[in-house]
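Working notes, structure below.
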Ligand SMILES: Cc1ncc(COP(=O)(O)O)c(C=O)c1O
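Residue numbers (my numbering): 2 to 356.
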């Protein structure tokens, strides 16, 4: 069958985004591959889900997730008109592409970064330009600006490196870019600072956040976008009419009303990140300072390649993430920060492999 007649050339040409493995739970595995939170959401948040009135499930949810926008506005000192809610932040990235990237327009990112940006740009028929980070994960500011992109995306902290670009450079990007600047703050709750204050001064800035990492609700798919009311109004036109389901809206409101209850788990993850980074460095891995809930570890010199490490750790029952299709990441493993026990088991497995 010649499907080429029917499928859009952009879709035929692309490989498609490869999500990390989500095991079925049949075999006990230590899951350090997709940056979920190793701790459950606080009891008050989980409790909210048990109190759902199931007879309301036959009705559509509030189309614009108004209760979530109001709770987020109160939590982050914004107005509800400055907020759009997504079915995860991946949904918001799709909305951003569809709102701001005309066919052939340029989307520019520093690379390596979250590879979904590339896939979504291809789907949109945009022109994708990845500019390599300068040595030491420094921002290639002038090369990014030279592209005059319709959409410039910066993950801060970046994935998979975990490093953060100084906020002055984010402001400079906004001020000197002719297009929209997206600051992807998926991991910002694990970092020392965030870009929210820039919303007051930078009219072309859109910040996106997710409930999948720090908020421990990856299974519910919830994300937030913050921008000026004028930009948010246009993005509302592009989203699916009912893009966030009732259960997710309930949980999001509960999470936003219980932000303080998340602090102990965030603190524990930051502490484990420090411990794991030092322990890996002692074992010969190179690990840049991370402000996210993962580290990017370059494997020690020796016979075992990055791909070998991935495979042997899997045999030990430990899943980590490997991006070997990117030549810049062949010798690196991205390791999610887990509980102290999980980190101990990881280090014990590494010690066995190095022995
Ligand atoms: C940088 C970055 N942005 C966005 C996402 C998407 O998060 P979600 O769609 O679960 O909100 C991820 C997920 O891994 C990510 O690493």
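Built from N, CA and C at the ideal position, the CB exists for glycine as well.
A quick note: this is a predicted structure, and the numbers were derived from the prediction, not measured.
- Message: By the three-class DSSP mapping on this structure, what secondary structure does residue 335 have?
- Response: For the purposes of this step, residue 335 is identified with residue 334 of the chain shown, where counting begins at 1. In the three-state DSSP reduction, residue 335 falls in the strand class (E or B).
- Message: Pairs of beta-carbons, one from the region 51-63 and one from the region 186-200, closer than 8 Å: are there three or more?
- Response: Short answer: they don't touch.
- Query: Between residue 150 and residue 132, which are expected to be in contact by the criterion C-beta below 8 Å, what is the C-beta distance as a whole number of angstroms?
  - Reply: Reading the chain shown from its first residue, position 149 is the one you call residue 150. Reading the chain shown from its first residue, position 131 is the one you call residue 132. Their Cβ separation, rounded to whole angstroms, is 10 Å, which puts residue 150 and residue 132 out of contact at 8 Å.
- Span separating the alpha-carbon of residue 121 from that of residue 84: Within the chain shown, residue 121 is the residue found at index 120, counting from 1. Within the chain shown, residue 84 is the residue found at index 83, counting from 1. Cα-Cα distance, rounded: 22 Å.
- By a C-beta neighbour count over all protein chains shown, 10 Å radius and 16 as the cutoff for buried, is residue 4 buried or exposed? Looking up residue 4 in the chain shown gives position 3. Counting C-beta atoms within 10 angstroms of its own C-beta, residue 4 has fewer than 16 neighbours from the protein chains shown and is therefore classed as exposed.
- Task: Starting from the N-terminal end, write out each residue whose C-beta falls within a distance shorter than 5 Å of any non-hydrogen atom of ligand 1.
- Result: That gives 89, 90, 91, 115, 156, 160, 185, 187, 211, 213, 224.
- Simplified DSSP assignment, three categories, for residue 208: If you number the chain shown from 1, residue 208 lands on position 207. Under the three-state reduction of DSSP output, residue 208 falls in the strand class.
- Message: Measuring only the C-alpha atoms, how far is residue 193 from residue 292?
- Response: Reading the chain shown from its first residue, position 192 is the one you call residue 193. Reading the chain shown from its first residue, position 291 is the one you call residue 292. For residue 193 and residue 292, the distance between alpha carbons rounds to 7 Å.
- Message: Relative to the C-alpha of residue 341, which candidate in 277, 184, 58 has its C-alpha closest?
- Response: Walking along the chain shown from the start, residue 341 turns up at place 340. The residue among 277, 184, 58 with its C-alpha nearest the C-alpha of residue 341 is 277.
- Query: Which one of 119, 114, 138 has the shortest CA to CA distance from residue 98?
  - Reply: Within the chain shown, numbered from 1, the residue matching residue 98 stands at position 97. If we check each option's Cα against that of residue 98, 119 comes out closest.
- Query: Which same chain residues, not among the five before or five after residue 325, have their C-beta less than 7 Å away from its C-beta?
  - Reply: Position 324 of the chain shown, counting from 1, holds the residue named residue 325. Excluding sequence neighbours, residue 325 sits near 307, 308, 331.
- Task: Going by DSSP, name the residue or residues bridged to residue 287.
- Result: As a position in the chain shown, residue 287 is number 286, starting the count at 1. DSSP output for residue 287 lists 299 as bridge partner(s).
- Task: Report back the beta-carbon spacing between residue 153 and residue 178 to the nearest angstrom; my notes put them in contact at under 8 Å.
- Result: Residue 153 sits at position 152 when you count from the first residue of the chain shown. Residue 178 sits at position 177 when you count from the first residue of the chain shown. Indeed they touch by this definition, with Cβ atoms about 5 Å apart.
- Compare the beta carbon distance of residue 314 and residue 350 with 8 Å and say whether it is the shorter of the two. Position 313 of the chain shown, counted from the first residue, corresponds to residue 314. Position 349 of the chain shown, counted from the first residue, corresponds to residue 350. Between residue 314 and residue 350, the C-beta spacing is below 8 Å.
- Task: Quick one: using the 10 Å Cβ neighbour count with 16 as the cut-off for buried, is residue 32 buried or exposed?
- Result: Along the chain shown, read from residue 1 onward, the residue named residue 32 stands at position 31. Burial call: buried.
- Item | Simplified DSSP assignment, three categories, for residue 307 | On the chain shown, residue 307 is found 306 positions in, with the first residue counted as 1. Three-state result, residue 307: helix.
- Item | Whole runs of the alpha helix (DSSP H) within the region 112-175, excluding any shorter than 4 residues | Runs found: 117-125, 142-147.
- May I ask which residues mark the beginning and end of the beta strand (DSSP E) holding residue 32? Here residue 32 refers to the residue found at position 31 when the chain shown is read from its first residue. Annotation: the continuous beta strand (DSSP E) that includes residue 32 extends over 31-33.
- Message: Do residue 297 and residue 162 count as a contact pair if the criterion is CB distance below 8 Å?
- Response: Here residue 162 refers to the residue found at position 161 when the chain shown is read from its first residue. Here residue 297 refers to the residue found at position 296 when the chain shown is read from its first residue. In this structure, residue 162 sits near residue 297, with a CB-CB distance shorter than 8 Å.
- Task: Consult DSSP for residue 225 and reduce its assignment to one of helix, strand or coil.
- Result: For the purposes of this step, residue 225 is identified with residue 224 of the chain shown, where counting begins at 1. For residue 225, the three-state secondary structure derived from DSSP is strand.
- Item | Contact check, residue 233 vs residue 93, beta carbons under 8 Å | On the chain shown, position 232 is the one that residue 233 refers to. On the chain shown, position 92 is the one that residue 93 refers to. The answer is no: Cβ separation not under 8 Å.
- For the beta strand (DSSP E) that contains residue 182, what are its first and last residues? For the purposes of this step, residue 182 is taken as the residue at position 181 of the chain shown. Segment 181-185, the beta strand (DSSP E) holding residue 182.
- Measure the C-alpha to C-alpha separation of residue 36 and residue 61 and round it to an integer number of angstroms. For the purposes of this step, residue 36 is taken as the residue at position 35 of the chain shown. For the purposes of this step, residue 61 is taken as the residue at position 60 of the chain shown. Their Cα atoms are separated by approximately 31 Å.
- Message: According to DSSP, simplified to helix, strand and coil, what is residue 107?
- Response: The residue you call residue 107 lines up with position 106 of the chain shown. Three-state DSSP puts residue 107 in a strand.
- Message: By alpha-carbon positions, which one of 34, 304, 251, 21 ends up nearest to residue 347?
- Response: In the chain shown, residue 347 corresponds to position 346, counting from 1. Among 34, 304, 251, 21, the Cα nearest to that of residue 347 is on 34.
- Other residues of its chain near residue 42: CB distance less than 7 Å, five sequence neighbours each side excluded: Looking up residue 42 in the chain shown gives position 41. In chain order, 216, 217, 218, 256 place their CB closer than 7 Å to the CB of residue 42, counting only its own chain and leaving out the 5 sequence neighbours on each side.
- Task: Determine the closest residue to residue 72 out of 167, 237, 253, with distance taken between C-alpha atoms.
- Result: Mapped onto the chain shown, residue 72 falls at position 71. When each option's Cα is compared against that of residue 72, the closest is 253.
- Opposing strand residues paired with residue 322 [DSSP bridges]: Within the chain shown, the letter at position 321 stands for residue 322. By DSSP's assignment, residue 322 forms a beta bridge with 335.
- Task: Would you decide whether residue 135 is buried or exposed? Buried here means 16 or more other CB atoms lie within 10 Å of its CB.
- Result: As a working note, residue 135 is residue 134 in the chain shown. Exposed is the call here.
- Query: Going by other Cβ atoms of all chains shown within 10 Å of its Cβ, with 16 needed for buried, is residue 236 buried or exposed?
  - Reply: Against the chain shown, residue 236 aligns to sequence position 235. A residue is called buried once 16 or more other Cβ atoms fall within 10 Å of its Cβ, and residue 236 is buried on that count.
- Just the C-alpha distance for residue 64 and residue 14, rounded to the nearest angstrom, thanks. By one-based count along the chain shown, residue 64 stands at place 63. By one-based count along the chain shown, residue 14 stands at place 13. One alpha carbon belongs to residue 64, the other to residue 14, and they sit about 34 Å apart.
- Relative to the C-alpha of residue 250, which residue among 261, 221, 284, 165 is closest? The residue labelled residue 250 in the question sits at position 249 within the chain shown. Of the listed residues, the one whose Cα sits closest to residue 250 is 221.
- Task: Answer yes or no: do residue 89 and residue 322 have a C-beta to C-beta separation smaller than 8 Å?
- Result: Sequence index remark: in the chain shown, residue 89 carries index 88 (1-based). Sequence index remark: in the chain shown, residue 322 carries index 321 (1-based). Contact: no.
- Reduced DSSP category for residue 348 - H, G, I as helix; E, B as strand; rest coil: To locate residue 348, count along the chain shown from 1; it is residue 347. It is helical.
- Mind checking residue 59: buried by the 16 CB within 10 Å criterion, or exposed? Locating residue 59 in the chain shown gives position 58, where the first residue counts as 1. In the assembly as shown, residue 59 is an exposed residue. Its beta-carbon has fewer than 16 other beta-carbons within 10 Å.
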